[in-house]
Amino acid sequence: MSKNKKTVIILSIIIILIALIPIFLLKNAKFGGSDDAGSQVVSEITGSDYKPWFTPVMETVTGKELPSEVETLFFCIQTGIGTGIIFFFLGRFYERSRAKEQKES
Amino acid sequence: MKSRQIKIIILLSILALSAGITPAVSAMHIMEGYLPPRYVVAWGILCIPFLAAGYFSLKKTLQRQRKTLTILAMAGAYMFLLSSLKIPSVTGSCSHMTGSGLGALLFGPSTVGILGIIVLLFQAILLAHGGITTLGANTFSMAIAGPFAAYAVYRICRKLKVNKKVCYFLAALVGDLFTYCVTSMQLAIAFPSETGGVSASFLKFLAVFAPTQIPLAVIEGLLTVITMIALETYAKNELSYLGFDVGVKINVKE
Numbered sequence: 001m002s003k004n005k006k007t008v009i010i011l012s013i014i015i016i017l018i019a020l021i022p023i024f025l026l027k028n029a030k031f032g033g034s035d036d037a038g039s040q041v042v043s044e045i046t047g048s049d050y051k052p053w054f055t056p057v058m059e060t061v062t063g064k065e066l067p068s069e070v071e072t073l074f075f076c077i078q079t080g081i082g083t084g085i086i087f088f089f090l091g092r093f094y095e096r097s098r099a100k101e102q103k104e105s
Numbered sequence: 001m002k003s004r005q006i007k008i009i010i011l012l013s014i015l016a017l018s019a020g021i022t023p024a025v026s027a028m029h030i031m032e033g034y035l036p037p038r039y040v041v042a043w044g045i046l047c048i049p050f051l052a053a054g055y056f057s058l059k060k061t062l063q064r065q066r067k068t069l070t071i072l073a074m075a076g077a078y079m080f081l082l083s084s085l086k087i088p089s090v091t092g093s094c095s096h097m098t099g100s101g102l103g104a105l106l107f108g109p110s111t112v113g114i115l116g117i118i119v120l121l122f123q124a125i126l127l128a129h130g131g132i133t134t135l136g137a138n139t140f141s142m143a144i145a146g147p148f149a150a151y152a153v154y155r156i157c158r159k160l161k162v163n164k165k166v167c168y169f170l171a172a173l174v175g176d177l178f179t180y181c182v183t184s185m186q187l188a189i190a191f192p193s194e195t196g197g198v199s200a201s202f203l204k205f206l207a208v209f210a211p212t213q214i215p216l217a218v219i220e221g222l223l224t225v226i227t228m229i230a231l232e233t234y235a236k237n238e239l240s241y242l243g244f245d246v247g248v249k250i251n252v253k254e
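Chains A and B, in that order, give the protein sequences. Under the numbering used here, the first residue of the first sequence is numbered 1, with each subsequent residue one higher. Under the numbering used here, the first residue of the second sequence is numbered 1, with each subsequent residue one higher.
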């Protein structure tokens with residue numbers, strides 16, 4: 001097993017562990033966004049509920065807060081676009097170096 | 001070699017998938033309407049010179065070597081991908097990574113500003129995540145301050161002859177954490193505490209963001225190392241165009 005391969009595998013395992021362990025350890029936590037925690041601190045410091053002076057564009061256009069299912073959709077689209085581009089090019093690079101190897105051997 | 005390459009790609013996909021199924025809630029960024037108007041303008045103006053520098057540096061890189069465009073697309077996609085994944089953290093709330101470290105390592109810090117503003121606009125308009133009015137402040141923290149910190153760490157570590165992979169890791173980690181420090185600072189300046197002023201507020205905001213972000217910054221560091229290993233293995237030509245020493249000699253036209 002090459003050194004790089006080992007590194008990649010070990011690092012991947014660590015990443016998965018760091019990401020998943022909190023869910024199992026903190027049974028009562030809600031896992032809300034740290035944004036909301038931020039707005040709580042704003043209210044705490046200013047002493048009253050801070051009223052945002054501008055509503056998000058989508059909420060203005062649709063007249064309501066974005067349904068969480070639709071929000072998930074948009075986030076998935078974002079993930080999909082990112083993953084697609086990265087692996088499209090990585091696939092091309094991979095094929096390229098494979099073709100080069102075959103040519104040399 | 002062949003099976004190794006396949007395995008790396010499969011592993012990366014599993015990684016991306018497993019991170020994608022975690023609960024989705026909003027995280028990070030200063031929310032829409034949460035910065036008073038004069039700060040909105042101030043941060044916006046502060047970004048302009050950096051974005052201009054980024055544009056010119058990008059133009060120069062692409063003129064010298066058109067082929068690096070693919071790597072640029074990948075660095076942008078990396079930011080896009082990472083900032084869409086919200087990951088649970090030890091504090092019981094979720095946050096996401098910035099992904100700006102990779103771009104800073106590959107293209108230098110100013111170029112990332114251009115990539116970052118695209119990501120932030122997408123999230124602000126479609127997802128009500130971040131915001132149009134806070135775009136300037138968020139661009140400054142995520143796409144300017146973070147990448148510059150990452151790049152500085154990378155340069156210093158390379159100078160000190162630290163192992164290359166450790167350099168990548170530290171750079172991405174610091175870049176991610178520094179983004180949150182700047183966000184806390186921005187909020188603190190806008191909302192100074194009555195008793196302790198800006199510094200008391202800063203510590204308060206930092207106490208909310210930092211513990212959540214530290215494990216995620218570690219994840220981003222590790223992911224960046226994996227991505228750099230993949231690029232160093234398969235995209236040797238492109239990396240040497242960008243000035244990386246990967247054992248391939250290529251004549252770069254100046």
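Don't be surprised by glycine CBs; every beta carbon is placed ideally from N, CA and C. All figures in this text were calculated on a predicted structure; none of them were measured in a lab.
Exposed or buried, what is residue i when buried is set at 16 or more other beta-carbons lying within 10 Å of its beta-carbon?
i: threonine 227 of chain B; result: buried
i: leucine 160 of chain B; result: exposed
i: alanine 207 of chain B; result: exposed
i: valine 112 of chain B; result: buried
i: cysteine 76 of chain A; result: exposed
i: leucine 17 of chain A; result: exposed
i: glutamate 59 of chain A; result: exposed
i: valine 225 of chain B; result: buried
i: valine 42 of chain A; result: buried
i: asparagine 163 of chain B; result: exposed
i: lysine 204 of chain B; result: buried
i: alanine 77 of chain B; result: buried
i: glutamine 186 of chain B; result: buried
i: alanine 172 of chain B; result: buried
i: threonine 183 of chain B; result: buried
i: glutamate 238 of chain B; result: buried
i: valine 70 of chain A; result: exposed
Between residue i and residue j, what straight-line distance do the alpha-carbon atoms span, to the nearest angstrom?
i: serine 26 of chain B; j: proline 147 of chain B; result: With a pLDDT of only 37 at serine 26 of chain B, under 50, the local geometry of the prediction cannot be trusted, and the value read off the model is given with reservation. Using only the alpha carbons, I get a separation of about 23 Å.
i: phenylalanine 54 of chain A; j: isoleucine 125 of chain B; result: 13 Å
i: glycine 54 of chain B; j: alanine 104 of chain B; result: 11 Å
i: lysine 6 of chain A; j: leucine 26 of chain A; result: 31 Å
i: alanine 190 of chain B; j: glycine 196 of chain B; result: 14 Å
i: leucine 66 of chain A; j: isoleucine 45 of chain B; result: 30 Å
i: glutamine 78 of chain A; j: lysine 64 of chain A; result: 22 Å
i: phenylalanine 74 of chain A; j: methionine 31 of chain B; result: 18 Å
i: glycine 91 of chain A; j: aspartate 176 of chain B; result: 28 Å
i: leucine 102 of chain B; j: threonine 83 of chain A; result: 15 Å
i: phenylalanine 140 of chain B; j: leucine 35 of chain B; result: 14 Å
i: histidine 96 of chain B; j: lysine 86 of chain B; result: 5 Å
i: glycine 92 of chain B; j: threonine 212 of chain B; result: 8 Å
i: isoleucine 9 of chain A; j: valine 153 of chain B; result: 25 Å
i: valine 41 of chain B; j: isoleucine 48 of chain B; result: 11 Å
i: alanine 19 of chain A; j: valine 246 of chain B; result: 31 Å
i: isoleucine 86 of chain A; j: valine 119 of chain B; result: 15 Å
i: lysine 236 of chain B; j: alanine 75 of chain B; result: 16 Å
i: alanine 145 of chain B; j: isoleucine 21 of chain A; result: 30 Å
i: tyrosine 100 of chain B; j: methionine 79 of chain B; result: Checking the displayed sequence, the identity of residue 100 of chain B turns out to be serine instead of tyrosine. Near 6 Å, if we compare the C-alpha coordinates of methionine 79 of chain B and serine 100 of chain B.
i: glycine 221 of chain B; j: arginine 98 of chain A; result: 28 Å
i: glycine 114 of chain B; j: glycine 80 of chain A; result: One detail in the question is off: residue 114 of chain B reads as isoleucine in this sequence, not glycine. One C-alpha to the other measures close to 21 Å.
Which residues does DSSP pair with residue i in a beta bridge?
i: histidine 96 of chain B; result: B:Lys86
Next item on the list: Kindly provide the ranges of any alpha helix (DSSP H) runs that are 4 or more residues long and lie completely inside the stretch 192 to 246 of chain B, ordered along the chain.
Entry: The stretch 192 to 246 of chain B contains these whole alpha helix (DSSP H) runs: 197 to 234, 236 to 241.
Notebook entry, point to check: Going along the chain, which unbroken runs of the alpha helix (DSSP H) with 4 or more residues stay wholly within the stretch 131 to 175 of chain B?
Noted result: 135 to 138, 146 to 159
Check: Enumerated in chain order, which unbroken segments of the alpha helix (DSSP H) with a length of 4 residues or greater are wholly contained in the stretch 30 to 82 of chain B?
Finding: Look at the stretch 30 to 82 of chain B and you find these whole runs of alpha helix (DSSP H), each 4 residues long or longer: 37 to 64, 69 to 82.
Check: If you measure beta-carbon to beta-carbon, which residues of the stretch 97 to 111 of chain B are closer than 9 Å to chain A?
Finding: Gly99
Check: What are the residues of the stretch 76 to 89 of chain B that lie near chain A, defined by any Cβ-Cβ distance shorter than 9 Å?
Finding: So the list reads Gly76, Ala77, Tyr78, Met79, Phe80, Leu81, Leu82, Ser83, Ser84, Leu85, Lys86, Ile87, Pro88, Ser89, given in the order they occur along the chain.
Checklist line | Residues of the stretch 82 to 105 of chain A with Cβ closer than 8 Å to any Cβ of chain B, in chain order | finding: Gly82, Thr83, Gly84, Ile85, Ile86, Phe87, Phe89, Leu90, Gly91, Arg92, Phe93, Tyr94, Arg96, Ser97, Arg98, Glu101
Next item on the list: Taking only beta carbons into account, state which residues of the stretch 219 to 249 of chain B come closer than 7 Å to chain A, listed in chain order.
Entry: Ile219, Leu222, Leu223, Val225, Ile226, Ile229, Ala230, Thr233, Tyr234, Ala235
Item checked: Where the stretch 109 to 143 of chain B meets chain A: residues whose CB sits under 7 Å from a CB there -> Phe122, Ile125, Leu126, Leu127, Ala128, Gly131, Ile132, Thr133
Note to self: What are the residues in the stretch 177 to 189 of chain B lying within 7 Å of chain A by C-beta distance?
What the structure shows: Taking a C-beta cut-off of 7 Å against chain A, the contacting residues of the stretch 177 to 189 of chain B are Leu187, listed in chain order.
Notebook entry, point to check: Any residues in the stretch 1 to 23 of chain A with a beta carbon nearer than 9 Å to a beta carbon of chain B? Which ones, in chain order?
Noted result: Met1, Ser2, Asn4, Lys5, Thr7, Val8, Ile9, Leu11, Ser12, Ile14, Ile15, Ile16, Ile18, Ala19, Leu20, Ile21, Pro22, Ile23
Margin query: Along the stretch 198 to 216 of chain B, where does the CB come closer than 7 Å to a CB of chain A? Name the residues.
Written below: Ser201, Lys204, Phe205, Val208, Phe209, Thr212, Pro215
Check: Quick one, which residues of the stretch 47 to 69 of chain B are near chain A if we go by CB-CB under 9 Å, in chain order?
Finding: none
Next item on the list: Anything in the stretch 150 to 176 of chain B with a Cβ closer than 8 Å to a Cβ of chain A? List those residues in chain order, please.
Entry: Lys165
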